[in-house]
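Novice:
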Amino acid sequence: MSNRLSDHALGLLPPVGESPKCSAHSLQIRTDPCGTSLSADALILVEVPLPWPKPVFDHPLLEGFSSMSETSLGSTRVLAMVPRTEEPGTKILIYQRDEVGMKSWGFRPPDPSQLSKFASDIKTQMPQDLDVPSDEVNPPELAVIVCTQGSHDICCGSEGARFASELEQRAPGLNVIRVSHTGGHRFAPTAMTIPDGRMWAYLDAETTLSILELTGSPSLLSSKCRGWWGASTGPGQVAERAIFEILGWELDLLPRQITIEEVESGWLVSISVALQEWRVLVHRGREIPTISCRANGGLPAKPSYEYTIGDIEPPEGHSLK
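Heads up: the sequence shown is residues 686 to 1006, going by the working numbering.
Here you go:
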């Protein structure tokens, strides 16, 4: 079943008799991953020992938590993370998007029974007001959050885990946080970098280090950028990436506000960067198939769409190179 794919998308399906991983197929058809990042005001990461069920929120330690909810921090995404030590208690990391960069908190409740109370209290109380023991170690300011949940998807379980191990070997002091399903397994290895809050596709260790060290070229890295978590999924993230290509790493040091207007030809995205407004026209791009992983011919498959950039109108006094 092709779920009403267009002729163009049908032509991008794997041949009958082939059963590729969805990540390998996405890379083969050169899928642009932008517009697929998670979008949230905050992340809560909770230590949960392996193995994880599918969905991970069936684990008893996550009772009271849900994947996405409104909390005192705003829209909040919750992820399980693999424990890195055998210290007593359950480590909890919180990252909240700030005007520039992130705020962070760390907790370690000693008793698992306190987790459900934490899940309830964080909905109405800011982290600094919680009656929960703080962790002695502050949350890492530089980190890579890697999706490695094999019980959810084989691509993240294999490619994500391999990438995390490679990164740990290349940079032993780097905080590599292995987490549950973040979405976008067809782009595995996929990860979010901290503190910029961008999600990336098709990662390797060298590329990731160039992101963390700010030595990579944004225009070259853009093909791997899934989007910034402060923009809404879809055209907002695509437009923000276009400005990232122009302004480079400096953009992550500047406050951004993004508004989206649907127009006849697509979406007009206004991005206020340090009170200077950029206007970006985003069009819907090609239709591509999202295949079933390791299924014959990739079926069943469903349609998805890429985006393209039209006109970019810079602020007054700023010219496009």
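Heads up, the beta-carbon is just placed ideally off N, CA and C, and yes, glycines get one too.
In whole angstroms, give me the CA-to-CA distance for residue 818 and residue 790.
Specialist: Here residue 818 refers to the residue found at position 133 of the sequence shown. Here residue 790 refers to the residue found at position 105 of the sequence shown. If I take the Cα positions, the gap works out to 11 angstroms.
Novice: Looking only at C-alpha atoms, which of 821, 865, 989 sits nearest to residue 740?
Specialist: For this step, residue 740 is matched to residue 55 along the sequence shown. When only C-alpha atoms are compared, the closest one is 865.
Novice: Output the distance between the C-alpha atoms of residue 775 and residue 992, rounded to the nearest integer angstrom.
Specialist: One-based indexing of the sequence shown puts residue 775 at position 90. One-based indexing of the sequence shown puts residue 992 at position 307. Spanning the two alpha carbons is a distance of roughly 41 angstroms.
Novice: Which one of 727, 999, 797 has the shortest CA to CA distance from residue 882?
Specialist: Within the sequence shown, numbered from 1, the residue matching residue 882 stands at position 197. When each option's Cα is compared against that of residue 882, the closest is 727.
Novice: I need the DSSP call for residue 950, collapsed to helix, strand or coil.
Specialist: Position 265 of the sequence shown, counted from the first residue, corresponds to residue 950. Three-state DSSP puts residue 950 in coil, outside helix and strand.
Novice: Assuming residue 693 and residue 971 form a contact by the criterion Cβ under 8 angstroms, report the distance between their Cβ atoms to the nearest whole angstrom.
Specialist: Here the question's residue 693 lines up with position 8 in the sequence shown. Here the question's residue 971 lines up with position 286 in the sequence shown. With a Cβ gap of about 6 angstroms, residue 693 and residue 971 count as contacting.
Novice: Tell me the rounded alpha-carbon separation between residue 921 and residue 961.
Specialist: What you label residue 921 is simply residue 236 of the sequence shown in a count that begins at 1. What you label residue 961 is simply residue 276 of the sequence shown in a count that begins at 1. In a straight line, the C-alpha of residue 921 is about 17 angstroms away from that of residue 961.
Novice: Hey, could you find the ends of the beta strand (DSSP E) residue 912 is sitting in?
Specialist: Position 227 of the sequence shown, counted from the first residue, corresponds to residue 912. Segment 910-913, the beta strand (DSSP E) holding residue 912.
Novice: Within 10 Å of its beta-carbon, does residue 942 have 16 or more other beta-carbons around it, so buried, or fewer, so exposed?
Specialist: Within the sequence shown, numbered from 1, the residue matching residue 942 stands at position 257. Exposed: under 16 other Cβ atoms inside 10 Å.
Novice: Taking only three categories from DSSP, how would you classify residue 741?
Specialist: The sequence position of residue 741 within the sequence shown is 56, counting from 1. Here residue 741 sits in helix by DSSP.
Novice: As an exercise, report each continuous beta strand (DSSP E) stretch of at least 3 residues that is fully enclosed by the stretch 774-805, in chain order.
Specialist: 777-782, 787-792, all fully within the stretch 774-805.
Novice: Using the rule of at least 16 other Cβ atoms within 10 Å of the residue's Cβ for burial, across every protein chain shown, is residue 811 buried or exposed?
Specialist: Here the question's residue 811 lines up with position 126 in the sequence shown. Classification of residue 811: exposed, given that the 10 Å Cβ count is below 16.
Novice: What are the boundary residues of the alpha helix (DSSP H) that residue 707 is part of?
Specialist: As a working mapping, residue 707 is identified with position 22 in the sequence shown. 707-713 is the span of the alpha helix (DSSP H), which, as asked, contains residue 707.
Novice: Taking residue 868 as the reference, which of 746, 1004, 835, 891 has the closest Cα?
Specialist: Taking the sequence shown and counting its residues from 1, the one referred to as residue 868 is at position 183. Answer by Cα proximity: 835.
Novice: Where does residue 781 land, buried or exposed, given buried means 16+ other C-beta within 10 angstroms?
Specialist: In the sequence shown, residue 781 corresponds to position 96, counting from 1. Buried, because 16 or more other Cβ atoms sit within 10 Å of the Cβ of residue 781.
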